[in-house]
Ligand code: AP5
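Residue numbers (the working numbering): 809 to 1025.
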């Protein structure tokens, strides 16, 4: 079992890159805490009810809730997969919790890929993002548009803006990232696990760098 972490600010392209990596490596288990929480909110599950108000404000959901859903996810398949974590961990406490869970399965963090994108690009990516309400596929009005306006290429569902992609919430998410998540960069760099990935260009260029890194592991 290997654990690869995608680290980066909101809008850095973590979800987009993960979807592309999964196409050529379907055995990879994609663990996106953001997607898991949105699903729990949609289904009205207790975790979703706990998380909703934090997500609407762009604040982090408490570490105990996040570590609970990640542990459950890994335990469900007995830790047999290679994992691609997207948007997790986001605090030093979550990083410690992940180490503990991985240790129970005789595993550890193998690599942390830091997607680097300038702030003005992040804001324009988030304001133009559109997400399928049915299957969750991610588009961008200018960069990665749907073939038919407003309709998902994959499933024909309606695409819409994510509720937390409004200007005020985006500003807060970026501030929260700087305050609570950026300390992870020094943490993982200090452990020799961090790889800088230039992610401001086309998604294919980002994915090519990642594949090269993963092949060298
Ligand atoms: P989450 O869903 O994880 O959001 P995020 O980290 O803010 O990241 P995003 O999903 O906004 O961006 P992304 O990097 O995946 O970019 P994407 O590929 O979509 O979390 C949401 C909320 O849940 C948090 O605010 C928090 O409340 C809670 N939460 C989640 N995890 C948590 C945790 N561990 N602890 C506590 N709370 C947690 O791309 C963005 C746009 O850009 C898209 O439109 C895409 O089409 C476009 N794009 C992507 N790449 C490119 C490219 N190379 N060129 C041009 N356009 C591109």
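C-beta atoms are modelled at their ideal positions from N, C-alpha and C, and glycine is treated no differently.
- No heavy atom of the ligand AP5 is found nearer than 7 angstroms to the CB of residue 809.
- A distance of 8 angstroms or more separates the beta carbons of residue 988 and residue 857.
- In the three-state reduction of the DSSP assignment, residue 936 falls in the helix class, which pools H, G and I.
- Beta-bridge annotation (DSSP): residue 919 is paired with 812.
- Secondary structure remark: continuous alpha helix (DSSP H) runs of at least 4 residues inside the segment 934-988, in chain order: 975-984.
- Residue 1025 counts as exposed, since fewer than 16 other beta carbons sit within 10 angstroms of its beta carbon.
- Minimum Cα-Cα distance from residue 842 among the listed residues 923, 835, 818 and 910 corresponds to 818.
- Between residue 1018 and residue 829 the beta-carbon gap is near 7 angstroms, inside 8 angstroms, which marks them as a contact.
- Between residue 905 and residue 885, the alpha-carbon positions lie close to 18 angstroms from each other.
- Within a 10 Å sphere around the beta-carbon of residue 833 sit fewer than 16 other beta-carbons, which makes this residue exposed.
- Judged by their CB atoms, residue 849 and residue 879 are not nearer to each other than the 8 angstroms cut-off.
- Distances from the alpha-carbon of residue 975 to those of 992, 1001, 950 and 928 put 928 closest.
- Here residue 991 has 900 as same chain residues with Cβ atoms under 7 angstroms from its own Cβ, once five neighbours each way along the sequence are excluded.
- Of the heavy atoms belonging to the ligand AP5, at least one sits nearer than 7 angstroms to the Cβ of residue 869.
- By the neighbour-count definition (other C-beta atoms within 10 Å, threshold 16), residue 959 is an exposed residue.
- Counting along the chain, residue 1002 sits inside the beta strand (DSSP E) bounded by residues 1002-1006.
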